[in-house]
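S.K.: Quick one: the structure is below, and I'll ask about it shortly.
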Amino acid sequence: MTSRPGSGGVSRPPSVLRSVLACNYGVCFEGFDFIVYSAFSRYISHHFFPAENEAVSTLLTLGTFGVSYVVRPLGGLVWGRLADRYGRRPVLVWIALMMSIGVALIALTPSYATIGWSASVLVMVARVIQGFAAGGEFGGATAMLVELAPERRRGLFASTQMATQAVTAGLASAAVLLLDALLSPEALADWGWRLVFGFGVLLAPIGLYMRRRMAESPEYLRYSAEGDVAARTSLVRVFRDHPREVAMVAGLTVVGSASFYLLFVFLPSHAGRKLHIDMMDVQKSVIVAAALQVAACLAGGALSDRYGRRPVLLAGAIGYGVLCYPAFALLNDAPTFGRLVAAQAMLSVAIGLLSGAFPAAISELFSPETRSSGVGLVYNLVGGVFGGLGPFLITSYMNLTGDTQSPAYWALLTGLVGVAAALTIRPRRATTVKEAGRVTA
């Protein structure tokens, strides 16, 4: 880590606003890639995997999609350790660079018909790179946002990351709508889908520049100046000194990840494939849900600064668990575009409140020296299971039982886990200069 992008000095101190924007750039980049890969998976399977066997090509495409979740915990472990030891800023620069490389590989790799299995291998490599990089994004960016924030604005600053995830979902849906409107189905299937990834490649230099110019975390500068960084940032300390905090982060991540994927991954797929709502209407409804969630996320972060993390987390988790049943009952009873928007609106507000308070709540459970490691590892390990596998588990249970209310049971289960975790958060008070800025839970 001695020779790294972003290690050079800057002529003037970077503004906090610019650093917040730079943190959220990576979140947007990661989420946009995830959603458009899902949206164009049928085209990707045709171009990069054996087209003579549709079932095999589809499975391989889903496999390359899932492999990013397999390597995310490793990325969270490695990048979190490096961020705690060498600083948040240089690690976030490297993460942005690796994510850009992964997107470029997907955008530029020739098809299977041109170079054979080499195309499949290159796409798999791209997904591994992206997954490994994304594993460090949440922990590093959350730590940076919390540590850059003014004393009583940590919840609001950290909530911008979750709001950005919702913005990304809306932007990805808008991109799908735009390409569908401008291109013929043949052109979209042949080359049009690459335009979205190509757009990401063009934006990469801007993101890298922003992250090279961002401020370093004042918390990192403080504890690194005190010496013995290697011993104080040891990963062993995460589990030795914070076992209770690890459990609370895991519980909150269960409900945070499960709710986001249910709203923006499972529900659109369910509405289009099972309920036969027009897919373009589904994309429009996602944009509406994303807009509502952005507002709710920012409100949740601000409210958690004023009233504490616990009551906002509880309100969001309970609302999500309770409202999911009537939301899906409304939609399943008479599937229409209007009812889809209504169901997503009901869930967006509750999930947004939960998501807004979530990043600051979990990052404040760890000391600054182990914050990126603890959050990054636990978030990616638990989130990959309950978030990434959530839509698969819901769909499997629904197919086995025929019960269209299966998502509501999943929401109730994961919501209860979140409520239990929120109830165990202990209030903290800022009593020293080192602890200044932490709000009571």
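In terms of full-length UniProt numbering, the sequence shown opens at residue 1 and continues consecutively.
By construction, the Cβ of each residue, glycine as well, lies at the ideal position given by its N, Cα and C atoms.
Keep in mind the model is a prediction, meaning the values are calculated, not measured.
1) Keeping to the same chain, check which residues put their C-beta closer than 7 Å to that of A327; ignore five residues upstream and five downstream.
2) Unbroken alpha helix (DSSP H) runs of length 4 or more, entirely within the region 58-131: which are they?
3) Should the region 248-256 be regarded as contacting the region 417-426, the criterion being three or more beta carbon pairs within less than 8 Å?
4) Is the region 64-83 touching the region 125-140, taking contact as three or more C-beta pairs under 8 Å?
5) Report back the beta-carbon spacing between G256 and L365 to the nearest angstrom; my notes put them in contact at under 8 Å.
6) Suppose the cutoff is 8 Å on Cβ atoms and the five residues either side in sequence are ignored; what does the same chain contact list for P391 look like?
7) Taking contact to mean 3 or more Cβ pairs, one atom from each stretch, closer than 8 Å, check whether the region 86-94 and the region 209-221 are in contact.
8) Could you check how far apart the C-beta atoms of S373 and G26 are, in whole angstroms? I think they sit under 8 Å.
9) Which residue wins for smallest C-alpha separation from A258, given the options L275, A329, G384, L21?
10) Report yes if the CB atom of F48 is closer than 9 Å to the CB atom of Y112, and no otherwise.
11) Where do the N-terminal and C-terminal ends of the alpha helix (DSSP H) with G418 fall, by residue?
12) If you reduce the DSSP assignment to three classes, tell me which class M210 lands in.
13) Judging by CA-CA distance, which residue of F358, F337, E226, T160 is the nearest neighbour of I287?
14) With C-beta atoms as the reference, is V322 less than 9 Å away from L183?
15) So what's R153 in DSSP terms, helix, strand or just coil?
16) Under 8 Å by Cβ, that's how I've got F157 and A169 pegged, so tell me the actual separation to the nearest angstrom.
17) Between the beta-carbon of G356 and the beta-carbon of M162, is there less than 9 Å?
18) Mapping DSSP to helix, strand and coil, what is E364?
19) Would you tell me roughly how many angstroms separate the C-alpha atoms of V36 and R153, rounded to the nearest one?
20) Report all residues from its chain with a CB closer than 6 Å to the CB of T2; omit the five preceding and five following residues, and keep chain order.
21) Using a 10 Å radius around the Cβ and a threshold of 16 neighbouring Cβ atoms, would you call A334 buried or exposed?
22) Can you grab the Cα-Cα spacing for the pair R428 / M210, in whole Å?
23) Taking the alpha helix (DSSP H) that residue 444 falls in, what are its first and last residues?
24) Using three-state DSSP, classify L303 as helix, strand or coil.
25) Does the distance from the CB of C324 to the CB of G207 come in under 9 Å?
26) So the alpha helix (DSSP H) S373 belongs to, where does it begin and stop?
27) Give the secondary structure of E226 by DSSP, where H, G and I count as helix, E and B as strand, and everything else as coil.
28) Starting from F260 and walking both ways along the alpha helix (DSSP H), at which residues does that stretch end?
M.R.: In short, the structure shows the following:
1) The answer, listed in chain order, is A343, M346, L347.
2) 88-108, 112-115
3) yes
4) yes
5) The Cβ separation is near 14 Å, so there is no contact.
6) Y261, L262, V265, F266, S269
7) Yes: at least three Cβ pairs fall under 8 Å.
8) Contact check for S373 and G26: beta-carbon distance about 18 Å, past the 8 Å limit, so the pair fails to qualify.
9) G384
10) yes
11) 406-423
12) helix
13) F337
14) no
15) The answer is coil: DSSP assigns R153 none of H, G, I, E or B.
16) Actually they do not touch by this definition, with Cβ atoms about 21 Å apart.
17) Going by C-beta atoms, G356 is nearer than 9 Å to M162.
18) coil
19) 33 Å
20) Residue confidence for T2 is low, a pLDDT of 41 falling below 50, so the modelled location carries little weight; the figure read from the coordinates is stated next. Once the five neighbours on either side are set aside, T2 has no close Cβ partner at all.
21) Residue environment analysis places A334 among the exposed positions, since fewer than 16 neighbouring C-beta atoms fall within 10 angstroms of its C-beta.
22) In this predicted model, R428 has a pLDDT of only 45, less than 50, meaning its place in the structure is not dependable enough to derive any value.
23) Nothing can be reported for residue 444: it is not among the residues displayed for the chain, which extend from 1 to 441.
24) helix
25) no
26) 371-383
27) Judged by DSSP in its simplified three-state form, E226 adopts coil rather than helix or strand.
28) 243-261
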